[in-house]
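Numbering (this note's numbering), first residue to last: 1 to 238.
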Amino acid sequence: GGSRVSLSGAANIPAGTRHRVVVVDDEDTKLLAVARLLRQDLKERGPDAPPARVMVYAQNEDTARRAAPALRKSLWGEHKMTALLPDGKEPLLALQAFRDNKTTLMLATPHHCRGLDLPAVSHVYNLEPPRSHSGYIHQAGRTNRVGFEGEGIVTTAVTRSELPALERLSTELGIRLEEVPVPSIDFKQMILGESPAPQEGSDAAEAESSRIAADYLPEDLIKNLDDVYNLFNLEDPE
């Protein structure tokens, strides 16, 4: 292979971190890909694993706001989400809840994370490829630190045209990118999965219905979350 240029900053990315890329057809599919991978990754963690701590980075506030409902619906049970945005919770309170594992997922922009003392995380998802070496290092460097057994996983969503730039960046950083597919969801398996069917009206039943809604209802219905809940005769859980 060609010689690798390893930047000094790459030393800040813990060894043993997995670097994944998911390639999608267009910008709009990035969020779907990340939401499904997130759900799959959380499900694959065994019951004995330490609690997951997940960062999702959006390039800007608009993307973050658009991403929030879909990410929230990817979570279930004890998993909760918080966002680090100007009109969101007080940043230090949000950070403390994240550090104490009261929330599983933190949605933020790289800009809003500057200067904050973020805790170690198990998973990082980039809804956009970081534009620079330092951007990737900052975002990936959160994974797999002391306090987390096993490997950290960094996943970046790109369109086919964005892939070459990310591949160049990874070569220069001396990291190996692993391409992963967007998980498909087997509708029957979701309904008839090994776990017993949740009782009608239970929190789990509501969560399951809204997750099925997220994957199977037409896009225009999903734009208005109220429609989703009305369709399933659910009260808005918020």
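We put the beta carbon where it would ideally sit given N, CA and C, even for glycine.
Under the three-state DSSP convention, the category residue i falls into
i: L118; result: coil
i: A213; result: With a pLDDT of only 49 at A213, under 50, the local geometry of the prediction cannot be trusted, and the value read off the model is given with reservation. Looking at A213 - three-state DSSP - the assignment turns out to be helix.
i: H19; result: strand
i: Q189; result: Note on Q189: pLDDT 46, under 50, position unreliable in the model; the coordinate value appears next. In this structure, Q189 counts as helix in the three-state DSSP scheme.
i: N126; result: strand
i: T143; result: strand
i: L105; result: strand
i: I153; result: strand
i: N12; result: helix
i: L163; result: helix
i: L84; result: strand
i: D25; result: coil
Span of the alpha helix (DSSP H), counted from its first residue to its last, around residue i
i: H112; result: P110 to C113
i: P91; result: P91 to R99
Other residues of its chain near residue i: CB distance less than 8 Å, five sequence neighbours each side excluded
i: R18; result: E151, G152, I153, V154 and E178
i: S195; result: Confidence is the limiting factor: at S195 the pLDDT is only 40, short of 50, which leaves the residue's position unreliable, though a coordinate-based value still follows. Counting only Cβ-Cβ distances below 8 Å, and skipping sequence neighbours, we find nothing.
i: L127; result: K30, L31, V34, V56, Y57, A58, Q59, T63, A67 and A157
i: A94; result: T82, A83, L84, G88, T103 and M106
Cβ separation of residue i and residue j, assumed to be a contact under 8 Å, to the nearest whole Å
i: L105; j: V54; result: 4 Å
i: V82; j: F98; result: Note that residue 82 is Thr in the sequence shown, not Val. At roughly 6 Å, the Cβ-Cβ gap stays under 8 Å, so T82 and F98 are in contact.
i: L239; j: Y136; result: Only positions 1 to 238 of the chain appear in this structure, which leaves residue 239 out of reach.
i: L38; j: V22; result: About 11 Å separates the two Cβ atoms, so there is no contact after all.
Contact set for residue i: own chain, Cβ-Cβ below 7 Å, skip 5 residues either direction
i: R142; result: M55, L118, A120, V121 and V124
i: V24; result: K30, A33, A157, T159 and V182
i: P289; result: Past the boundaries of the shown model lies residue 289; the chain is included only from 1 to 238, so the question cannot be answered.
i: D26; result: T159
i: L75; result: M81, T104 and L105
i: L241; result: With the chain covering only 1 through 238, there is no way to say anything about residue 241.
Element boundaries [beta strand (DSSP E), containing residue i]
i: L177; result: L177 to E179
Residues near residue i in its chain [Cβ-Cβ closer than 6 Å; skip 5 each side]
i: I175; result: H19
inquiry  = Going residue by residue through the segment 29-80, where are the continuous alpha helix (DSSP H) segments of at least 4 residues, counting only ones entirely within it?
reply    = 61-74
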